[in-house]
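Encoded as structure tokens, the structure appears first; notes follow it.
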Amino acid sequence: MHAGSHRDLSHAHSPLSDLFPNIHEETESSRWRLSQDQLQFFEQNGFVVGPQLFAGSALEHLRAELTMLMEPTHPGSENWYEYHTNESSDPSRILFHALGAWRIATGFHDLLWHPGFVQPAEQLLNGPVRFWHDQLFCKPAMHGGVVAWHQDYSYWTRTRPMAHLTAWIGLDNATPENGCIHYVPGSHHWDLLPITGLAGDMQAIRSVLNDEQWEQFRNPVAVPLQAGQCVFHHPLTVHGSFANRTSTPRRATVINAIRDGVCSESWEPLLQGIPAVAPGTPLAGQFFPRLSK
Ligand SMILES: O=C(O)CCC(=O)C(=O)O
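Position 67 of the sequence shown, counted from 1, bears residue number 128 in my numbering, the numbering being contiguous throughout.
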């Protein structure tokens with residue numbers, strides 16, 4: 062398995078393989094679209110379970126790429142935006158969070174143009190979709206690693222207006238036992254909360270919630286998913302995941318998208334290692350491909 066042999070795949074703004082359906086070749090224009098009930102559910106709750114994007118050999122391909130990407134010295138490693146791992150010598154125990162796989166591995170690159178992601182994203186963003194960044198989240202077997210409750214937009218205020226969307230896509234079946242994602246329904250109607258951290262303390266968010274939010278927070282919903290299935294969430298929806306208490310890893314990939322036209326708010330590079338985008342300028346170009354047709 063090769064991860065792209067040093068080539069920076071961010072130069073390619075269409076799929077490089079036939080692993081997945083391709084939005085540019087999608088002829089059945091409504092096949093992947095969310096139903097009115099699903100859209101209404103998202104509106105009320107701030108998240109909605111989406112389609113199964115892949116299974117079988119495509120799933121195995123992504124898992125094999127992930128295994129290779131988790132080896133710190135793999136070809137193309139200079140293209141990560143961020144790469145965090147505890148570097149355990151036992152692969153099943155590696156705690157891993159990384160941004161930028163789309164630049165390195167063909168499968169994670171091509172997944173961005175999957176119509177089962179792009180079409181629902183167009184509906185939920187109310188317009189054409191542009192790529193923001195990707196993430197890999199891997200919880201090793203029997204590992205205490207949690208992803209503490211947070212709102213994604215608290216990490217993205219360097220981009221505006223808030224017209225962002227997250228698709229969380231399982232690479233293993235996700236269950237309450239292995240640390241599936243949990244949501245606080247309706248929390249996308251809350252204001253932006255201060256950052257209280259992603260690692261370690263699951264209850265850290267408590268200190269920034271008012272009484273009404275605390276009541277709502279006490280009834281989170283677990284979202285178990287099949288490997289290959291996705292769930293979409295709003296940038297203000299409070300979410301997190303508990304420890305993996307099982308004997309196998311819980312792996313996932315995440316696509317973060319914006320509505321076309323979202324602008325930079327910062328003179329600093331929006332992601333590590335790429336050129337800055339001047340404030341007021343819409344995200345575009347090599348690192349932010351438009352995914353809609
Ligand atoms: O994979 C996880 O457990 C957390 C993912 C997450 O926080 C996100 O997709 O924003």
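Ideal Cβ placement from N, Cα and C applies to all residues, glycine included.
Here the structure is a predicted model, which is why all the values come from computation and not from measurement.
Where the beta strand (DSSP E) through residue i begins and ends
| i | result |
| --- | --- |
| residue 197 | 190-200 |
| residue 93 | Unbroken run through residue 93: none, as it is neither H nor E. |
| residue 210 | 208-211 |
| residue 293 | 290-294 |
| residue 88 | From DSSP, residue 88 is part of no beta strand (DSSP E); its letter is neither H nor E. |
| residue 143 | 143-146 |
| residue 244 | 242-244 |
| residue 230 | 225-231 |
| residue 315 | 311-320 |
Residue span of the alpha helix (DSSP H) that contains residue i, given as start and end
| i | result |
| --- | --- |
| residue 106 | 97-106 |
| residue 128 | 117-130 |
| residue 180 | 176-186 |
| residue 170 | 167-171 |
| residue 275 | 272-278 |
Residue i CB to nearest heavy atom of ligand 1 below 7 Å
| i | result |
| --- | --- |
| residue 240 | yes |
| residue 215 | no |
| residue 302 | yes |
| residue 229 | yes |
| residue 287 | no |
| residue 293 | no |
| residue 290 | no |
| residue 212 | no |
| residue 110 | no |
| residue 198 | yes |
| residue 283 | no |
| residue 245 | no |
| residue 159 | no |
| residue 338 | no |
| residue 315 | yes |
| residue 190 | no |
| residue 299 | no |
| residue 208 | yes |
Residue j beta carbon less than 8 Å from that of residue i
| i | j | result |
| --- | --- | --- |
| residue 256 | residue 302 | no |
| residue 405 | residue 107 | The structure shown does not extend to residue 405, since the chain is modelled only from 62 to 354, so the question has no answer here. |
| residue 216 | residue 332 | no |
| residue 202 | residue 88 | no |
| residue 297 | residue 212 | yes |
| residue 292 | residue 299 | no |
| residue 204 | residue 244 | no |
| residue 352 | residue 115 | no |
| residue 311 | residue 240 | yes |
| residue 206 | residue 304 | yes |
| residue 94 | residue 181 | yes |
| residue 109 | residue 97 | no |
| residue 266 | residue 253 | no |
| residue 290 | residue 113 | yes |
| residue 325 | residue 336 | no |
| residue 194 | residue 317 | yes |
| residue 209 | residue 263 | yes |
| residue 79 | residue 164 | no |
| residue 200 | residue 130 | no |
| residue 282 | residue 246 | yes |
Candidates the options: closest to residue i by CA position
| i | options | result |
| --- | --- | --- |
| residue 219 | 169, 352, 319 | 319 |
| residue 189 | 326, 285, 179, 145 | 179 |
| residue 228 | 74, 186, 75 | 186 |
| residue 321 | 281, 278, 306, 222 | 222 |
| residue 198 | 176, 162, 191, 183 | 162 |
| residue 250 | 325, 278, 192, 267 | 278 |
| residue 81 | 314, 294, 118, 164 | 118 |
| residue 158 | 146, 166, 164 | 146 |
| residue 124 | 92, 166, 181, 79 | 166 |
| residue 349 | 181, 174, 280, 309 | 174 |
| residue 160 | 334, 328, 276, 339 | 334 |
| residue 67 | 128, 127, 92, 134 | 134 |
| residue 90 | 137, 130, 184 | 184 |
| residue 287 | 97, 120, 337, 103 | 120 |
| residue 127 | 210, 267, 176, 315 | 315 |
| residue 176 | 129, 84, 103 | 84 |
Closer than 8 Å is the cut-off here; do at least three beta carbon pairs connect the segment 337-354 with the segment 222-237? no
Taking contact to mean at least 3 C-beta pairs separated by less than 8 Å, is the segment 66-79 in contact with the segment 152-171? yes
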